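What follows is a set of notes on a single structure, which appears directly below.
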Amino acid sequence: MVGNVKNIASLLLFLVFLLPSLVKLEHHHKRFECKSGSGTHYHSFQEKCAICNFEFSVFSSDFENIVLQKRQPLAKYRNHYKSVNYSTLSTYSFLLRAPPDSQI
121 MVGNVKNIAS LLLFLVFLLP SLVKLEHHHK RFECKSGSGT HYHSFQEKCA
171 ICNFEFSVFS SDFENIVLQK RQPLAKYRNH YKSVNYSTLS TYSFLLRAPP
221 DSQI
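Position in the sequence shown (first residue = 1) + 120 = this note's numbering.
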C-alpha cells in the first residue's frame, strides 16, 4: 500500500513539473512576415505571450534586508601560538614513516 502511494505521488510530482514544459513546447504562434518592399503601412502590435515567457524560478522573490554589524577591532591582541623548532627534525624525518606491512 505504501509503495502504491509513493508511486502515485512521484507520478503526480512528475506531471506537475513536466506539464508546463510540455505546454510550452506545443504552444505556437502564427508568424507574420512583412514582404512589402516599399510603402508606408503599420503593423498590429504583437503582445508578449505569458506561456512563451514562462520559466521555473529557482530563487525566491522575497527580499530580506540583512543588517551586518560592524566589528570593533581589538585593542590588545595576544598571540598564544608558540612554535617549537627542532633542529634534528629535518635530519631524521625518514624515521617518522612506518615500515610497510606486507609487499604485494
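Positions of the beta carbon are idealized from the N, C-alpha and C atoms, including for glycine. Please read all numbers here as calculations on a predicted model, not as lab measurements.
Of the residues 184, 186 and 139, the one placed nearest residue 147, counting alpha carbons only: Taking the sequence shown and counting its residues from 1, the one referred to as residue 147 is at position 27. Checked all of 184, 186 and 139; the closest Cα to residue 147 is 139.
Nearest candidate by alpha-carbon position, reference residue 144, set 190, 204 and 169: As a working mapping, residue 144 is identified with position 24 in the sequence shown. By alpha-carbon distance to residue 144, the top candidate from 190, 204 and 169 is 169.
Contact check, residue 154 vs residue 163, beta carbons under 9 Å: If you number the sequence shown from 1, residue 154 lands on position 34. If you number the sequence shown from 1, residue 163 lands on position 43. In contact: residue 154 and residue 163 (Cβ atoms closer than 9 Å).
Residue range of the unbroken alpha helix (DSSP H) whose run includes residue 143: As a working mapping, residue 143 is identified with position 23 in the sequence shown. Residue 143 -> alpha helix (DSSP H) spans 122-146.
Spatial distance of residue 131 from residue 175 (CA atoms): Position 11 of the sequence shown, counting from 1, holds the residue named residue 131. Position 55 of the sequence shown, counting from 1, holds the residue named residue 175. C-alpha separation (whole angstroms): 21 Å.
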